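For the sequence shown, this note's numbering assigns the number 959 to the last residue and increments by one with no breaks. Glycine is no exception: its CB is placed at the ideal position from the N, C-alpha and C atoms. A quick note: this is a predicted structure, and the numbers were derived from the prediction, not measured.
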Amino acid sequence: MYKEISLKIIDFMIEQHWQEGDKIPNEYELAQVFHVGRGTVRKAIAELVRIHILEIRRGKGTFVCENLHFHDEKIREAYHAMEYDRGLYLLQIRALIEPWAAKENKLSAPVRSAWLAYEKADGEQRMEQDIAFHEAILASTANPLLPQLNRYVSDSIKAIDDARPDEAFFRRVQKEHRQICEAIEEGDHDLAYALVLAHIEHDSEFLKEAKHAIL
């Protein structure tokens, strides 16, 4: 929800012709405008602060960043582009870790369970089960620290979901999840490594194409 409100705030900026350095309405006022709770608005503002569209000045309020290098309708595209870049950076981290985790996998049952759940999922459940599948890979090694990296998995998959993948994307993911699961179950460690790495590379290509489409 807060991602949607972040985009609505950007649209509101455009409609209201806000300029660099302008003070924006407070959380309560924005919550009234968008008919959501103040907590959602707070998260949305934090997101826009993180990517340097807004800035918080202690004791004064929230302002449009100075030296904002994109204006009007380009703000929305720039927001998406930065989100896609962040997703690509996260996928780079996963490419260093997750293939190794698949190769060192000691428990195939959780991976199979997560794969079957993804097969049955639809709509928003797909993202949740996609995250669960990759978290199961990290959790099924002898290294107890790998599950602490789950946020890299979840955040990168959320970035992919924000790019609105089509049915062909989901069919590709289903096929690759199945192949990864089978390789792990059969104890083909090198194949499991290669399949997970290829899967992450395919997701990276998808995000690169999504970014290119809006620039």
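Using DSSP's beta-bridge definition, name the partner residues of residue i.
{"i": "Gly805", "result": "Arg801"}
{"i": "Lys767", "result": "Phe807"}
Given that a residue counts as buried once 16 or more other Cβ atoms are within 10 Å of its Cβ, and exposed if not, what is residue i?
{"i": "Leu890", "result": "buried"}
{"i": "His921", "result": "buried"}
{"i": "Gly831", "result": "buried"}
Can you check which of these residues, the options, is closest to residue i by C-alpha distance?
{"i": "Ser857", "options": "Leu792, Cys809, Asp866 and Asp874", "result": "Asp874"}
{"i": "Asp766", "options": "Ile795, Gln776 and Glu799", "result": "Glu799"}
{"i": "Glu771", "options": "Arg782, Ala788, Leu851 and Val940", "result": "Arg782"}
{"i": "Asp947", "options": "Leu851, Asp906 and Leu860", "result": "Asp906"}
{"i": "Lys955", "options": "Ala825, Pro843 and Lys787", "result": "Ala825"}
{"i": "Glu926", "options": "Trp762, Glu791, Leu851 and Ala912", "result": "Leu851"}
{"i": "Leu792", "options": "Gly803, Val777 and Glu827", "result": "Glu827"}
{"i": "Val917", "options": "Asp755, Ala942 and Arg895", "result": "Ala942"}
{"i": "Ala883", "options": "Tyr823, Val897, His761 and Glu748", "result": "Val897"}
Flag this pair as yes or no: are the beta carbons of residue i and residue j separated by less than 8 Å?
{"i": "Ile753", "j": "Val808", "result": "no"}
{"i": "Tyr746", "j": "Thr784", "result": "yes"}
{"i": "Ile928", "j": "Ala846", "result": "yes"}
{"i": "Ser900", "j": "Arg838", "result": "yes"}
{"i": "Glu848", "j": "Thr885", "result": "yes"}
{"i": "Ala880", "j": "Pro854", "result": "yes"}
Whole alpha helix (DSSP H) elements within the stretch 837 to 862, 4-residue minimum: none
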